[in-house]
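Residues 23 to 190 in the numbering used here are what the sequence shown spells out, letter by letter.
All remarks here apply to the structure that follows.
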Amino acid sequence: TDGEGRTVDFTNTVLVMTSNLGAGQAKRPVGFIGGEADPAEKRMLAAAKRAFLPEFLNRIDDVVVFEPLTESQVKDIGELLIARIAERLRSERGVELQVTPELIARLASEGFDPEFGARPLKRHLRRTLEKELTRAILDGRIADGGRVLATDGDEHEIVLELPEPATV
């Protein structure tokens, strides 16, 4: 039943639950190439058996072990997260944000953790890019309706390049 006491039918429902159990033990990418599970996949499934009660695991139809994210995939995730930041700036303040590919790649690399996947990337972007943008907005360097280009500085800092205001 749901919170209102109504009966809910989960007959044709697919639930996807994710976990990083055993990810720290995996030494190489795993998948379903070949008939038998490879040693890394077996270690991950063993970690799930240690972490969850048999009663819970017996209610799961299938366990799928995903391959670790590649550097390219992490960069793609970084691009998506930065696009969300840019869209929020555009909708809330009319600010157009561009971020160089070099900065995207660096931030994605810094925010990725092989053990925890891409989850820390969002926090990293908040602590770095969003923090720098917020400072620039609060101190008046970025005005509503303005434009900003975020680049990777020589010291691997975030540099915000702002167009000079037009003089009349």
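Cβ coordinates follow ideal geometry from the N, Cα and C atoms, glycine included.
(1) If distances are taken between C-alpha atoms only, which option among E137, G162 and H146 comes closest to E89?
(2) Can the beta-carbon of L43 be found less than 8 Å from the beta-carbon of A69?
(3) Do I180 and E154 come within 8 Å of each other at the CB atom, strictly closer than that value?
(4) Suppose only complete runs of 4+ residues qualify. What are the alpha helix (DSSP H) ranges in the stretch 140-190, listed by chain order?
(5) Whole angstroms are fine: how far does the CA of G116 sit from the CA of G175?
(6) Short of 7 Å in beta carbon distance, which residues of its chain neighbour L129, apart from the five on each side in sequence? Order them along the chain.
(7) Opposite V121 in the DSSP bridges: which residues?
(8) With a threshold of 16 other CB atoms inside 10 Å of the CB of L102, please say whether the residue is buried or exposed.
(9) For V86, tell me which candidate among I104, V121, V38 and E109 has the shortest Cα-Cα distance.
(10) Could you pull out every residue in the same chain whose Cβ sits closer than 8 Å to the Cβ of V30, ignoring the five residues on either side in sequence?
(11) Rounding to the nearest angstrom, what Cα-Cα distance links L67 and I164 in this structure?
(12) For E101, report the span of its alpha helix (DSSP H) as first-last.
(13) Whole angstroms is fine: what's the gap from G27's alpha carbon to T40's?
(14) Only counting the same chain, and skipping five residues up and downstream in sequence, which positions put a Cβ closer than 7 Å to that of E118?
(15) I need the straight-line Cα distance from A108 to Q120, nearest angstrom please.
(16) Within 10 angstroms of its Cβ, does L75 collect 16 or more other Cβ (buried), or is it exposed?
(17) Which whole-angstrom value describes the C-beta separation of A172 and L182, a residue pair presumed to lie in contact below a C-beta threshold of 8 Å?
Looking at the coordinates:
(1) It is E137.
(2) With respect to A69, L43 sits close: the two C-beta atoms are nearer than 8 Å.
(3) yes
(4) For secondary structure counted as the alpha helix (DSSP H) over 4 or more consecutive residues, the stretch 140-190 holds these complete runs in sequence order: 141-147 and 153-160.
(5) Straight-line Cα distance between these residues: approximately 25 Å.
(6) If you ignore the 5 residues before and after L129, its C-beta comes within less than 7 Å of the C-beta of G100, H146, L147, T150 and L151, all in its own chain and listed in chain order.
(7) A172
(8) Label assigned to L102: exposed.
(9) V38
(10) Around V30: T23 and D24.
(11) 50 Å
(12) E93 to R115
(13) CA-to-CA, the gap between G27 and T40 works out to about 28 Å.
(14) R112 and R169
(15) 8 Å
(16) exposed
(17) 6 Å
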